[in-house]
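Undergrad: Below are the structure tokens for one structure; questions will follow.
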Ligand SMILES: Nc1ncnc2c1ncn2[C@@H]1O[C@H](COP(=O)(O)OP(=O)(O)OP(=O)(O)O)[C@@H](O)[C@H]1O
Ligand SMILES: [Mg+2]
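Residue numbers (our numbering): 3 to 335.
Here it is as structure tokens:
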């Protein structure tokens, strides 16, 4: 069953298209990830799906409820953890959860029971009576996830769940996400620009850039499209060597960067001597060569022609940050 389904969902801001006719569906029980660089349109998509922003065109349903016409039903079925922290720091962890549960109309008994359940799930029982301003970054993030789970949502939206956290805390949060997906059967829609996160957590991912979905598939299938192994080499005449390698049928996805080339091959190590032979015959000098298994960054590169980490990917960061602050529940555009 499709828990999330979108059809040509689009959002424009003053003529600028932030989300551009995206169509995808997420199945019940899936962990689905939106992977894309800063400014790609991830948060805007989440805001539309969680009824915070009205789409400019297109449509979407959550648990079969229309996000435009059945907003209250949609909200009952979702939990959201926003990219920007949104906790009451003067309250304790337990008080934050209780406040949220009251807004959802849970009875006193339900609240008591559920607060204990979700705090146990994210390992914060021993901190429940501590004021949130004394929590570490990772503890705050876990509390936000717990809050998103209070009313047992069908779908939990997590916008950049581990942004700015250290490696160890990120790992721990990944485990909580997996755990609640298994234990509570919560469908999870998350956004991230961390490739390792998408790789580890997601059953399927959609790669989004400039508001468009470039591809949707399982992580394994996406990596296979790049080639079994990825070779990166630096050499003297990059352009000529690229043309020469592209003519070989066993070499796929030859991409040129400033002073290097990347391409996909089967059994990379065995192919290196052959590549050196071709270089010699073409009068090209290879100065370094590296063989590795493909990553999602290679997938992104092969679909966009640039790396997730290249400057173009960062251009919109500050604009995205500025606009992000304008949003709160209830303030729609
Ligand atoms: N309210 C708004 N008004 C104008 N432009 C906006 C608004 N909200 C978002 N944008 C623009 O839409 C684009 C997509 O922004 P969005 O926040 O969805 O990106 P993102 O993928 O979540 O990025 P990040 O990884 O930085 O969180 C950006 O160019 C951003 O500046
Ligand atoms: Mg965002």
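Just so you know, even glycine gets a beta-carbon here, dropped at the ideal spot from N, CA and C. For clarity, every value in this text was computed on a predicted model and none was experimentally measured.
If you measure from the CB of residue 214, is any heavy atom of ligand 1 nearer than 7 Å?
TA: No; taking the cut-off as 7 Å, the Cβ of residue 214 has no heavy atom of ligand 1 nearer than that.
Undergrad: Check each candidate in 226, 182, 14 and name the one with the smallest Cα separation from residue 56.
TA: Residue 14 is the option with its Cα nearest to residue 56.
Undergrad: Do residue 231 and residue 266 have their C-beta atoms closer together than 8 Å?
TA: Cβ atoms of residue 231 and residue 266: closer than 8 Å.
Undergrad: In whole angstroms, what is the alpha-carbon distance linking residue 288 and residue 282?
TA: If you take the alpha carbons of residue 288 and residue 282, they lie about 9 Å apart.
Undergrad: So, for residue 91: in the same chain, excluding its five sequence neighbours on each side, which residues have a beta-carbon less than 8 Å away from its beta-carbon?
TA: Around residue 91: 133, 134, 135.
Undergrad: Three Cβ pairs or more, each shorter than 8 Å: is that satisfied between the stretch 227-241 and the stretch 288-297?
TA: The stretch 227-241, when compared against the stretch 288-297, does touch it at the 8 Å Cβ threshold.
Undergrad: Taking all protein chains shown into account, decide if residue 98 is buried (16 or more other Cβ within 10 angstroms of its Cβ) or exposed.
TA: Label assigned to residue 98: buried.
Undergrad: With a threshold of 7 Å, establish whether the CB of residue 180 neighbours any heavy atom of ligand 1.
TA: No.
Undergrad: Contact check, residue 140 vs residue 171 under 8 Å by CB: the rounded distance?
TA: That belief holds up - the Cβ atoms of residue 140 and residue 171 are roughly 3 Å apart, short of 8 Å.
Undergrad: In the stretch 104-136, which residue ranges form an unbroken alpha helix (DSSP H) of at least 4 residues, counting only runs that do not cross its ends?
TA: With a minimum length of 4 residues, the continuous alpha helix (DSSP H) runs that stay inside the stretch 104-136 are 110-123.
Undergrad: Indicate whether at least one CB of chain D lies closer than 8 Å to the CB of residue 77.
TA: Among the chains in the structure shown there is no chain D, since it carries only a single protein chain.
Undergrad: Mind reading off the beta-carbon distance from residue 189 to residue 30? Whole number of angstroms is fine, and I expect it under 8 Å.
TA: 6 Å between Cβ atoms; contact.
Undergrad: Can you name, in chain order, every residue of its own chain whose Cβ lies under 7 Å from the Cβ of residue 122, other than the five neighbours on each side?
TA: Excluding positions up to five away in sequence, the list is empty.
Undergrad: Along the chain, where does the alpha helix (DSSP H) that runs through residue 246 open and close?
TA: That run of the alpha helix (DSSP H) goes 240-248.
Undergrad: Among the residues of its own chain, which have a CB less than 6 Å from the CB of residue 106, if the five just before and after it don't count?
TA: So the qualifying residues of the chain are 153.
Undergrad: Locate the alpha helix (DSSP H) running through residue 337, then write down its first and last residues.
TA: For residue 337 there is no data in the structure shown, the boundaries of the chain being 3 and 335.
Undergrad: From the DSSP output, which residues share a beta bridge with residue 262?
TA: Answer by DSSP bridge pairing, in chain order: 236.
Undergrad: Keeping to the same chain, check which residues put their C-beta closer than 8 Å to that of residue 77; ignore five residues upstream and five downstream.
TA: Closer than 8 Å at Cβ, skipping near neighbours: 52, 53.
Undergrad: Tell me, which residues are paired with residue 292 by DSSP?
TA: Its beta-bridge partners are 234.
Undergrad: For ligand 2, I want to know if residue 194 counts as a neighbour, meaning its beta carbon is within less than 7 Å of at least one of the ligand's heavy atoms.
TA: Outside the cutoff, so no.
Undergrad: Going by the C-beta, is residue 292 closer than 7 Å to any heavy atom of ligand 1?
TA: Incorrect: residue 292 has no Cβ contact closer than 7 Å to ligand 1.
Undergrad: Helix, strand or coil, according to DSSP, for residue 70 in the structure here?
TA: The answer is coil: DSSP assigns residue 70 none of H, G, I, E or B.
Undergrad: For residue 198 and residue 39, which I take to be in contact (beta-carbon distance under 8 Å), what is that distance rounded to the nearest angstrom?
TA: In fact, because the Cβ distance is near 15 Å, the residues do not count as touching under 8 Å.
Undergrad: Could you tell me if the beta carbon of residue 44 falls within a distance shorter than 7 Å of some heavy atom in ligand 2?
TA: Answer for residue 44: yes, Cβ within range of ligand 2.
Undergrad: In the structure shown, what three-state DSSP assignment does residue 18 receive?
TA: Note: residue 18 maps to strand in three-state DSSP.
Undergrad: CB of residue 85 to nearest heavy atom of ligand 1: below 7 Å?
TA: Residue 85 Cβ: within cutoff of ligand 1.
Undergrad: Whose C-alpha, out of 251, 163, 201, is nearest the C-alpha of residue 85?
TA: If we check each option's Cα against that of residue 85, 163 comes out closest.
Undergrad: Could you have a look at residue 157 and say whether DSSP puts it in helix, strand or coil?
TA: Reduced to three states, the DSSP call for residue 157 is strand.
Undergrad: Alpha carbon to alpha carbon, how far is residue 295 from residue 301?
TA: In a straight line, the C-alpha of residue 295 is about 12 Å away from that of residue 301.
Undergrad: Starting from the C-beta of residue 255, find all residues in its chain whose C-beta is less than 7 Å away, skip the five residues before and the five after it, and write them out in chain order.
TA: For residue 255, where only same-chain residues beyond five positions count, the Cβ hits under 7 Å are 228, 229, 265, 266, 304.
Undergrad: Pick out whichever of 125, 158, 44 has its Cα sitting closest to the Cα of residue 5.
TA: Checked all of 125, 158, 44; the closest Cα to residue 5 is 158.
Undergrad: List the DSSP bridge partners of residue 11.
TA: Note: residue 11 sits in a beta bridge opposite 24.
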